[in-house]
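In our numbering, the protein residues as written are 7 to 610.
Worksheet: the structure to be examined is printed underneath.
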């Protein structure tokens, strides 16, 4: 008997359909010589410290750091019956097919069950990026040896153990220190949650302490034989009256510049015209979908993940926990049938109906595929969707359909003009072919689409300033995070770091957390009262800000956890080892805890 162990019941049922259907029994489906059973996510979880030593039930300084010599796991209270079913089936299994989700977490989830029962028979692996019948059939024909996926299992186990070591010890250290100074609540820290909280706290404090200041933008209307246009003053590095950001703030300098150009003759320094194309935005990965759905639909990051998971389990879209926005070239042949199906969905009639399935945009690039490809529709009928499921499906399907429309073609224009020793510039655009933008507008680039058309000028041409004026403006604080923009910041945390070396390090990393974990991190911070949702924004609470003030730099610095993510990815690729990673975490743990345990002042 061959036993399939799926990550969830829906996945198990899809496999059973692919095997030809069967007889449903308690916790499994019998399909001839095959039996399909399933987990409910993780059936096992790491044991708490008191499982290693009863004294650890009391939170005391002298116990820290708690470092298990060997790791223990316990059965989740709600999982015992299903785990018992799997154990009985394993006793009669000649071989096992591991059917966890196609990612690092899914790999460990089933492997740990096999280890729990000390199963020693042959183990194979099936990868199911989507659950429609055709994809399941293809996957059943491409079952591989599970041994090759040991690095994925080790990477997830390393992440889990590191989270346990840091989370358990740092939380106990901070809570113990708080209790010694009169606090009663648990003060929770985590390897990813604390740097994430620090991002929000830093943004909120920047806004709270922001003091607006005036600056001036200078514009001149210039006359050329071929027409008139507006140019903007570009201060040189030697210009007097600039602030630290290069903005003109001195009124005397404003007046001097305006006087030097008003009614004067000038010369065209540069006149550039370049034909360019702009392809459609790539299909979504999870973080881009969460960002878009937050901005357009007001959905929380966790809600987006839950709805995307539901669409996946309904066989309407592919696997959602992906960080990739590209598609394998081998799947291009499926485009015609997928587009045909989408053309029957209300809201996609033109976008899918006018799509040209023969087009092959840059999205089709097998070399850029990581563990998963972008989130796309499977082509299964989707007419009956409603509410959030329909709205999210349309976002996913629209991004896919746009790949089969021509790029926008335009002429990018730029001129630079000199009046004396001052430089003035303008940019423009002449639309040549609307391409995909005729059917969909990318909100991220609306400013660029509204640029004016510039008159034709050549380098060396004479121009005259008809009039010049200043516009007083005020600096504005940064925007508060929304859940979508916070997800994006976690994924691209290097953009928020000012230190050059740190920025370079973070740019090469995977950011804070993973596609699969970021939404849950935000939910955890909200549940613990460190973050709250205010309208469309997410802000830190006084308790959240206090936690960050009490946390040593290493535990809230994104570089620390991003470096760990890089090491985990190296393990997943077979370039690093679980043992070496954990040895380093154990070595560093006392250093991480020392600043907390040495704190004497009351945190209240």
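Ideal Cβ positions, reconstructed from N, Cα and C, are used throughout, including at glycine.
In this structure, what does DSSP give as the bridge partners for residue i?
i, result
"residue 244", "DSSP output for residue 244 lists no bridge partner at all."
"residue 29", "36"
"residue 383", "323"
"residue 428", "425"
"residue 11", "43 and 104"
"residue 130", "103 and 151"
"residue 5", "Residue coverage of the chain in this structure runs from 7 to 610, which leaves residue 5 outside it and unanswerable."
"residue 116", "Beta-bridge pairing links residue 116 to no other residue."
"residue 52", "79"
"residue 545", "538"
So, using beta-carbon positions, are residue i and residue j closer together than 7 Å?
i, j, result
"residue 201", "residue 518", "yes"
"residue 405", "residue 289", "yes"
"residue 46", "residue 105", "no"
"residue 55", "residue 35", "no"
"residue 601", "residue 558", "yes"
"residue 175", "residue 603", "no"
"residue 148", "residue 129", "no"
"residue 536", "residue 311", "no"
"residue 414", "residue 284", "yes"
"residue 419", "residue 460", "yes"
"residue 12", "residue 44", "yes"
"residue 499", "residue 274", "no"
"residue 227", "residue 472", "yes"
"residue 543", "residue 486", "yes"
"residue 300", "residue 489", "yes"
"residue 493", "residue 297", "yes"
"residue 403", "residue 354", "yes"
"residue 53", "residue 78", "yes"
"residue 293", "residue 475", "no"
"residue 124", "residue 150", "no"
"residue 551", "residue 207", "yes"
"residue 375", "residue 324", "no"
Would you decide whether residue i is buried or exposed? Buried here means 16 or more other CB atoms lie within 10 Å of its CB.
i, result
"residue 451", "Caution applies to residue 451, whose pLDDT of 44 falls short of 50 and renders its modelled position unreliable; the value that the coordinates give is listed next. When all chains shown are included, residue 451 counts as exposed."
"residue 590", "exposed"
"residue 496", "buried"
"residue 7", "exposed"
"residue 567", "buried"
"residue 22", "buried"
"residue 453", "Here residue 453 scores only 41 on pLDDT, less than 50, and its place in the model should not be relied on; the value that follows carries that caveat. Residue 453 should be labelled exposed."
"residue 614", "The structure shown does not extend to residue 614, since the chain is modelled only from 7 through 610, so no value can be given for it."
"residue 212", "exposed"
"residue 14", "buried"
"residue 230", "buried"
"residue 571", "buried"
"residue 561", "buried"
"residue 449", "Because the pLDDT at residue 449 is just 48, under 50, the model does not fix this residue reliably, and the value given afterwards should be weighed accordingly. With fewer than 16 other Cβ atoms within 10 Å, it is exposed."
"residue 76", "exposed"
"residue 607", "A caution first: residue 607 carries a pLDDT of 44, below 50, which makes its placement in the model too unreliable to give a value."
"residue 548", "exposed"
"residue 287", "buried"
Residue i: which of the options sits nearest, CA to CA?
i, options, result
"residue 162", "177, 99, 181 and 117", "117"
"residue 513", "545, 330 and 569", "569"
"residue 122", "363, 154, 82 and 139", "82"
"residue 336", "328, 330 and 366", "366"
"residue 380", "329, 48, 68 and 561", "329"
"residue 373", "267, 321 and 334", "334"
"residue 525", "181, 198 and 30", "198"
"residue 384", "554, 394, 392 and 399", "399"
"residue 263", "565, 51, 344 and 247", "247"
"residue 221", "555, 481, 577 and 492", "481"
"residue 160", "300, 112 and 173", "112"
"residue 80", "108, 92 and 119", "119"
"residue 164", "181, 110, 205 and 317", "110"
"residue 441", "282, 296, 501 and 316", "282"
"residue 479", "255, 416 and 316", "255"
"residue 136", "286, 321, 182 and 266", "321"
"residue 280", "195, 476 and 433", "433"
"residue 234", "430, 51 and 470", "470"
"residue 317", "363, 386, 371 and 267", "386"
"residue 276", "57, 502, 464 and 564", "464"
"residue 350", "390, 186 and 257", "390"
Let me check you understand the geometry: is the CB of residue i closer than 6 Å to at least one non-hydrogen atom of the ligand FMN?
i, result
"residue 462", "The ligand FMN is absent from the structure shown, which contains no ligands of any kind."
Segments of 4+ residues assigned as alpha helix (DSSP H) that fall wholly inside the segment 64-98:
86-97
Going along the chain, which unbroken runs of the beta strand (DSSP E) with 3 or more residues stay wholly within the segment 470-543?
537-540
If you scan the segment 212-294 from start to end, which runs of the alpha helix (DSSP H) of 4 or more residues do you find wholly inside it?
257-267
Mind pulling the beta strand (DSSP E) runs of 3 or more residues that sit fully within the segment 133-208?
none
In chain order, what are the residue ranges of uninterrupted alpha helix (DSSP H) at least 4 long that sit wholly in the segment 332-365?
341-348 and 355-359
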